[in-house]
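Quick note: the sequence shown uses the working numbering, first residue 17, plus one each step.
All C-beta atoms, glycine included, are put in the ideal place defined by N, C-alpha and C.
Since we're looking at a predicted model, the values are computed, not measured.
What follows is one structure encoded as structure tokens, with my remarks underneath.
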Amino acid sequence: MKKLIIKFGLIGASLIVGVPLLSIAIVGLGPDSFAVGELIGYSTIVIAMLLIIVAQLNYRKEQGGQLSFGDAFKIGLGISTIGGLAFGLYNTVYVLFIDPEFNEKYFAYSMGLERGTPGFQQQYAEALSGNNFMFSIEGQALLMFLTVFLIGFVISIIGGLILQRKGVVKTV
């Protein structure tokens, strides 16, 4: 089970980090890239977390067709944790090194404001003072981890419920 979790967790993490990096190379970092980035990002997370189902199926095959809900759930949680940690780390690197102005740009985009205007400055300052944790590196990393983890959590439950197979008890 551990090998499957690591294998599919790393594949999922590679997708979760690699596809957005490829998207940045193609689309860029401008304000016009946010809508495309959100679509690509969430789609990639869901696709990467669907690897949980593949891992559960592989484990069931290895176990002679048997899979308990608990084992399926453990597989899913392991893969979700690896993917979530990778995305949290990626977000930290992104905000610190790739696009240090991301918070301001994204806030302006989401609020429909133009950066540098007095209205933007006032609303951004209010947002920072009222919700400073979510604008912090730690808060954003936690949010990104939880986003991936919770999507994987749901897929783990669904996969476990659908794919579980208990052994056949033979009576004499």
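For residue i and residue j, what's the separation of their Cα atoms in angstroms?
i: L67; j: G46; result: 31 Å
i: F82; j: I91; result: One point to set straight first is that residue 82 is Gln, not Phe, in the sequence displayed. Straight-line Cα distance between these residues: approximately 14 Å.
i: V43; j: I69; result: 31 Å
i: G132; j: F169; result: 40 Å
i: G28; j: M65; result: 7 Å
i: S145; j: T97; result: 31 Å
i: N147; j: V62; result: 28 Å
i: F151; j: E54; result: 18 Å
i: K18; j: Y110; result: 30 Å
i: I23; j: K77; result: According to the sequence provided, residue 23 is Lys. The question's Ile does not apply to it. The alpha-carbon atoms of K23 and K77 are separated by roughly 16 Å.
i: G86; j: A51; result: 38 Å
i: L159; j: I171; result: 18 Å
i: L31; j: F149; result: 28 Å
i: G135; j: L129; result: 8 Å
i: A153; j: I174; result: One detail in the question is off: residue 153 reads as Ile in this sequence, not Ala. Going by the C-alpha atoms only, they are around 32 Å apart.
i: I114; j: Q79; result: 44 Å
i: L112; j: I167; result: 25 Å
Grouping DSSP H, G and I as helix and E and B as strand, with all else coil, what is residue i?
i: R131; result: coil
i: L67; result: helix
i: L83; result: strand
Nearest CA to the CA of residue i: which residue from the options?
i: V164; options: N148, I40, S126, T60; result: T60
i: L162; options: L73, V33, G104; result: G104
i: F123; options: E142, F113, I114, Y106; result: E142
i: G57; options: L73, E130, G34, N74; result: G34
i: P36; options: Q72, K182, N107; result: N107
Are residue i and residue j closer than 8 Å when you measure CB to CB?
i: G155; j: G99; result: no
i: G94; j: I40; result: no
i: Y140; j: E117; result: no
i: A71; j: Q180; result: no
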